[in-house]
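Novice: Have a look at this one.
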Amino acid sequence: MGGRLEGKVALVTGAAQGIGRAIAERYAAEGAIVGMLDLKPERAEQAAAEVAAKGLRVQAFAGNVAERATLADAVAALEAQHGRLDILVSNAIWVRYVPIDAVTPEMLHRMTATGFDSVVWGIQCAAPAMARSGGGSIINIASAAAFLGMPNAMIYAGVKAGVLGLTRASAVELGPQQVRVNAICPGSIQTEGVRINVDPAMAAKRLARTPLGRLGEVEDVAGAALFLASDDSAWITGESLLVDGGTTPAVL
Ligand SMILES: NC(=O)c1ccc[n+]([C@@H]2O[C@H](COP(=O)([O-])OP(=O)(O)OC[C@H]3O[C@@H](n4cnc5c(N)ncnc54)[C@H](O)[C@@H]3O)[C@@H](O)[C@H]2O)c1
């Protein structure tokens, strides 16, 4: 791989598996030093060890992204060790898809805390460090569900639509400090999280209305995340990028 992120320091949340792991690995392959944060220390450490074994520079962080201190500590550690922070990817979330009448207070709280509060804390904690580094790029992983009506996804869709709102607002506020804030809205990507949550009939329907004729792979999202992290997107902020094979604009 190339050196498009040479000299950059990144933090990726939910990096032990799935999309987060692919983004972390791609960034490291492009020359960045990458903090891989996940909930459980042993999973974060194992994932980081597997990526490091490829000769890439990564380090594990553990903690719950719903808690501000998790983001604050990881940002502080990366800045202290490497003198800068350039990129944050807020990717982690805990998700369940259930009918409206099955939503519980615990479910609502856990999904909003991990999927929305975490993005707020990420922006609040990372932006000052990025400003001290001369600027940076924050990438929030939202979802095509922010635009689409999907059964059993009321909370998820609301959380992800909220992420798009705070992406736009924070981009305007942080622009003068050269901190860019953008979102990626993946369509159906084949990950562990999807295999637990999405029923096969639904996946078949999605495939049928995907113009590019296949469901997504984690590398599809990692490529978009590389673009938004790199200087190739230097004049893009407050934007959301659909990475969905054309599913969202398709009517049939
Ligand atoms: N997979 C898809 O089809 C798809 C589609 C649209 C959007 N997305 C979004 O992409 C992101 C990643 O999805 P994925 O499918 O790779 O997920 P995944 O469930 O496979 O992985 C999520 C990772 O986040 C970690 N995590 C969960 N809660 C955490 C917490 N409180 N603190 C720290 N880490 C935590 C998990 O341990 C796991 O390693 C999510 O924001 C998801 O909503 C995914």
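Each residue of the sequence shown is one higher than the one before, counting from 0 in numbering that gives the first Met the number 0.
Backbone N, C-alpha and C define an ideal beta-carbon position, used for all residues, glycine too.
Fair warning: this is a prediction, and the values are worked out from it, not measured in the lab.
Using a Cβ-based criterion (distance less than 8 Å to any ligand heavy atom), does A63 qualify as near ligand 1?
Specialist: Translated into positions along the sequence shown, residue 63 becomes position 64. Before going further, note that residue 63 is Asn rather than Ala in the sequence given. Indeed, a heavy atom of ligand 1 lies less than 8 Å from the Cβ.
Novice: Would you check if the region 70 to 78 and the region 207 to 219 touch, i.e. whether three or more CB-CB distances between them fall below 8 Å?
Specialist: Too few Cβ pairs lie closer than 8 Å, so no.
Novice: Suppose you measure from the CA of D254 to the CA of D100; what does that come to, to the nearest Å?
Specialist: Examination of residue 254 is not possible in this model, given that the chain is present from 0 through 251 alone.
Novice: Under 5 Å from any heavy atom of ligand 1, by CB: list those residues in chain order, please.
Specialist: Those residues are G13, A15, Q16, G17, I18, D37, L38, N63, V64, N90, A91, I92, W93, T113, I140, S142, P185, S187, I188, T190, E191, G192 and V193, given in chain order.
Novice: For I137, list the residues DSSP reports as bridge partners.
Specialist: What you label residue 137 is simply residue 138 of the sequence shown in a count that begins at 1. DSSP, once it has assigned bridges, lists L87 and V180 as partnering I137.
Novice: Rank V118, K53, G19 and S132 by C-alpha distance to the C-alpha of E191 and give the top, closest one.
Specialist: For the purposes of this step, residue 191 is identified with residue 192 of the sequence shown, where counting begins at 1. Checked all of V118, K53, G19 and S132; the closest Cα to E191 is G19.
Novice: Which same chain residues end up closer than 6 Å to F226 when comparing Cβ atoms and leaving out the 5 residues on each side of it in sequence?
Specialist: Taking the first residue of the sequence shown as 1, we reach residue 226 at position 227. Answer for F226: S232, listed in chain order.
Novice: With which residues is V57 paired in a DSSP beta bridge?
Specialist: Indexing the sequence shown from 1 puts residue 57 at position 58. The partner list for V57 (beta bridge, DSSP) reads V33.
Novice: Going by DSSP in three states, V8 sits in which element: helix, strand or coil?
Specialist: By one-based count along the sequence shown, residue 8 stands at place 9. V8 falls in the strand class under three-state DSSP.
Novice: Would you call the region 163 to 175 in contact with the region 115 to 133, where contact means no fewer than 3 C-beta pairs closer than 8 Å?
Specialist: Yes: at least three Cβ pairs fall under 8 Å.
Novice: By a C-beta neighbour count over all protein chains shown, 10 Å radius and 16 as the cutoff for buried, is P185 buried or exposed?
Specialist: Here residue 185 corresponds to residue number 186 of the sequence shown, with the count starting at 1. It is buried - the Cβ of P185 has at least 16 other Cβ atoms within 10 Å.
Novice: Going by other Cβ atoms of all chains shown within 10 Å of its Cβ, with 16 needed for buried, is V250 buried or exposed?
Specialist: Numbered from 1 along the sequence shown, position 251 holds the residue referred to as residue 250. When all chains shown are included, V250 counts as exposed.
Novice: Report the three-state DSSP secondary structure of P98 (helix, strand or coil).
Specialist: Taking the sequence shown and counting its residues from 1, one reaches residue 98 at position 99. If DSSP states are grouped into helix, strand and coil, P98 belongs with coil.
Novice: With burial defined as no fewer than 16 other Cβ atoms inside 10 Å of the residue's Cβ, what is the status of R179: buried or exposed?
Specialist: Your numbering for residue 179 matches position 180 in the sequence shown. R179 comes out buried.
Novice: Measure how close the beta-carbons of S239 and L163 come, nearest whole angstrom, since I'm counting them as under 8 Å.
Specialist: Start at 1 with the first residue of the sequence shown, and residue 239 comes out as number 240. Start at 1 with the first residue of the sequence shown, and residue 163 comes out as number 164. That pair is a contact at about 5 Å.
Novice: Using 8 Å for Cβ pairs, my map puts M31 next to K7. What's the rounded Cβ distance?
Specialist: Here the question's residue 31 lines up with position 32 in the sequence shown. Here the question's residue 7 lines up with position 8 in the sequence shown. A quick correction: the sequence has Ala, not Met, at residue 31. About 4 Å separates the two Cβ atoms, so the contact holds.
Novice: Is it buried or exposed for R25, if we count other Cβ within 10 angstroms and need 16 for buried?
Specialist: Stepping through the sequence shown from its first residue, residue 25 is reached at position 26. R25 comes out buried.
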